[in-house]
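*Asks:*
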Amino acid sequence: MSTQSKKVMVIGGGIAGLTAAWELAGLGAQVALVEKADFLGGNAIQYACKATDECRQCGACAVESMLKNVVNEPAISVYLATEVAGIDKNGNFKVGLKKSDAARDTKACESGYTANPTGCAAVKGYSLNNAKYYLADGSLNPETTGSADSLEVDAVVVATGFTPFDPQIKSTYRYKELENVVSGMDLEAGKRANGTVLRPSDGQPPKKVAFVQCVGSRDERLGNLWCSQVCCPYALRTAQSMKYKDPELDITVFYMDIQNTGNDFPVFYQQCKDEMKFVRNIPVDMYKTDDDRIRTRYMAAEGNSEAVEDVFDLVVLSVGIMPGADNASLSETVGAPLNDDGFFACADKLNRALTGQEGIFVAGTASGPKTIAESIVHAGQSAGEVMKYLGRAS
Ligand SMILES: Cc1cc2nc3c(=O)[nH]c(=O)nc-3n(C[C@H](O)[C@H](O)[C@H](O)COP(=O)(O)OP(=O)(O)OC[C@H]3O[C@@H](n4cnc5c(N)ncnc54)[C@H](O)[C@@H]3O)c2cc1C
Ligand code: SF4
Ligand code: SF4
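All the letters of the sequence shown, read from the start, carry residue numbers 1 to 394 under full-length UniProt numbering.
#1: Does DSSP put Asn69 in a helix, in a strand, or in coil?
#2: Go ahead and pull the three-state DSSP assignment for Ile294.
#3: Pick out whichever of Met286, Gly384, Met9 and Ala189 has its Cα sitting closest to the Cα of Ala159.
#4: What residues sit near ligand 2, counting only those whose C-beta is closer than 6 Å to one of its heavy atoms, in chain order?
#5: In chain order, what residues of the same chain have a beta carbon less than 6 Å from the beta carbon of Gln381, not counting five sequence neighbours either side?
#6: Grouping DSSP H, G and I as helix and E and B as strand, with all else coil, what is Glu23?
#7: Given a cut-off of 9 Å, decide if Met185 and Ile376 are closer than it, judged by their beta-carbon atoms.
#8: Could you give the distance in angstroms between the alpha-carbon of Lys99 and the alpha-carbon of Val212?
#9: Leaving aside the five residues before and after Ile282 along the sequence, list all residues of the same chain whose C-beta is less than 8 Å from its C-beta, in chain order.
#10: Taking all protein chains shown into account, do 16 or more other C-beta atoms lie within 10 angstroms of the C-beta of Asp348, making it buried, or fewer, making it exposed?
#11: Pull up the distance between the alpha-carbon of Ser331 and that of Ala85, whole angstroms please.
#12: Whole angstroms are fine: how far does the CA of Ala25 sit from the CA of Ala121?
#13: Which value, in whole angstroms, describes the spacing of the CA atoms of Asn92 and Asn327?
#14: On the criterion of 16 or more Cβ atoms from any shown chain inside 10 Å, does Glu385 qualify as buried, or is it exposed?
#15: Report the three-state DSSP secondary structure of Ala51 (helix, strand or coil).
#16: Counting Cβ pairs closer than 8 Å, one from the region 223 to 233 and one from the region 315 to 326, do we hit at least three?
#17: For Met299, which three-state DSSP category applies?
#18: Say whether the region 166 to 178 touches the region 262 to 282, bearing in mind that this needs 3 or more beta-carbon pairs closer than 8 Å, one atom from each stretch.
#19: Helix, strand or coil for Ile360? Go by DSSP, reduced to three states.
#20: Per DSSP, what kind of secondary structure is Gly41 in: helix, strand or coil?
#21: Cα separation between residue 398 and Ser183?
#22: Do Val31 and Ala75 count as a contact pair if the criterion is CB distance below 9 Å?
#23: Whole angstroms are fine: how far does the CA of Phe361 sit from the CA of Ala37?
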């Protein structure tokens, strides 16, 4: 059998899964893209553009482009609100599928699906612009999504992504209790929906903002020792785009270390230091003032035990990348091990698409923190490895 007639299942429809599916289809495979949520695009579909007078290369718009490719590709069948129930390997893989919890919402509005896709749960999670695009383009329709109890495939790519850290676990930040303490995810989604950053309590633009880095990552008490790699770049790029929009905006970044954001990092970091205040200390307790602002205390400087108090209109918790919620169960189902941190282990340091289980590959943040650009590259590598494997198996 030639690789042209091979079938591959990609589990997870974030940027990694979309890219893997698209690359595999381009290489001649028939692809089943199985997504647990009732929309495609994963976490990154809700991120905002961070351009100032120029593109800051945050990668967010790459997700929409890939989404467009995938829904228009006839060799890719999309299974929304669907999960893997079990896998039997007997030559190829027989994969049992079941509807996920998200299916309930989708079903409730099935009748309005074609007539009013923007009002339907099937497109929940898309930005306003993206929803309009789909409405005008007509690409997302019932024919592009499928449903099945089981499928037979020759290889599987696990691209189930990550879970953003839940700041409620760090209770002293009083996330969800104080309206003007938000997470990095909230900030992205709000900026994308409103086109600008607004304070949740009164819908007004903030004048003084704090970013608190390393929330959930590099935290010994939580046992999360890894650096999430993406929270410095996203926080600083967002802060810079906010400052570009409002040069009077007062921004303080509380940090332990700043992660290198790429080739342009020294210039970019210097620009940020010129425009914002950096404090190498992480504040702990947050209090609400009578006028709905957030008061916090921190040590003035390293080695200086003097506590300083400051008040902000908005505090942004730069949450990190945690292992996907289904990693443990999925690892058992597909027979691919996890590493000590709970991400899918890469069997070969030089070939990070391999899981050690024959025919099962991994792509994107399912195997650990990555940016959008890195997830795209990893997914491309995984697709290439799948085709090599299928070539050997045929
Ligand atoms: C607050 C925040 C801001 C960020 N901003 C940026 C940025 O500006 N630029 C940048 O480069 N990176 C950014 N990142 C990182 C970026 O989010 C990731 O690089 C990217 O989302 C990884 O894509 P992924 O496909 O691996 O995972 P995900 O985006 O997590 O997608 C995984 C998909 O798999 C699905 N899934 C999960 N489990 C199952 C299952 N059992 N069955 C079927 N489907 C399943 C999920 O529903 C989801 O759709 C940010 C991260 C955070 C936390
Ligand atoms: S979304 Fe990011 S990569 Fe795209 S134009 Fe805006 S800044 Fe540039
Ligand atoms: S990327 Fe920055 S904020 Fe995120 S864990 Fe690493 S050092 Fe901390």
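A virtual CB, placed ideally from N, CA and C, is assigned to each residue, including glycine.
*Replies:* This is what the structure holds:
#1: DSSP places Asn69 within a helical segment (H, G or I) once states are collapsed to three.
#2: Looking at Ile294 - three-state DSSP - the assignment turns out to be strand.
#3: Taking Ala159 as reference, the option from Met286, Gly384, Met9 and Ala189 with the minimal CA-CA separation is Met9.
#4: Taking each Cβ in turn, the ones that pass are Cys49, Lys50, Ala51, Cys55, Arg56, Gln57, Cys58, Gly59, Ala60 and Cys61.
#5: A distance below 6 Å between beta-carbons, with the five flanking residues on each side excluded, links Gln381 to the following residues of its chain, in chain order: Ala353.
#6: Here Glu23 sits in helix by DSSP.
#7: Ile376 places its beta carbon 9 Å or farther from that of Met185.
#8: Roughly 38 Å between the two C-alpha positions.
#9: Val212, Gln213, Cys214, Phe254, Tyr255, Met256 and Tyr298, listed in sequence order.
#10: Its Cβ having fewer than 16 others within 10 Å, Asp348 is exposed.
#11: Inter-residue distance for Ser331 and Ala85 is about 12 Å (C-alpha atoms, whole angstroms).
#12: Reliability of the predicted coordinates at Ala121 is poor, the pLDDT of 31 falling under 50, and no value is obtained from them.
#13: Going from the Cα of Asn92 to the Cα of Asn327 covers about 22 Å.
#14: Counting the other Cβ atoms within 10 Å of the Cβ of Glu385 gives 16 or more, which makes it buried.
#15: Residue state, collapsed to three classes: coil.
#16: Judged by Cβ distances under 8 Å, the region 223 to 233 makes contact with the region 315 to 326, as three or more pairs qualify.
#17: Shown here, Met299 sits in a strand according to DSSP, grouped into three states.
#18: With the cut-off at 8 Å, the region 166 to 178 and the region 262 to 282 do not touch.
#19: If DSSP states are grouped into helix, strand and coil, Ile360 belongs with the strands.
#20: Three-state result, Gly41: coil.
#21: The question about residue 398 has no answer here: the residues shown for the chain are numbered 1 through 394.
#22: A Cβ-Cβ contact shorter than 9 Å links Ala75 with Val31.
#23: Straight-line spacing of the CA atoms in Ala37 and Phe361 works out to 21 Å.
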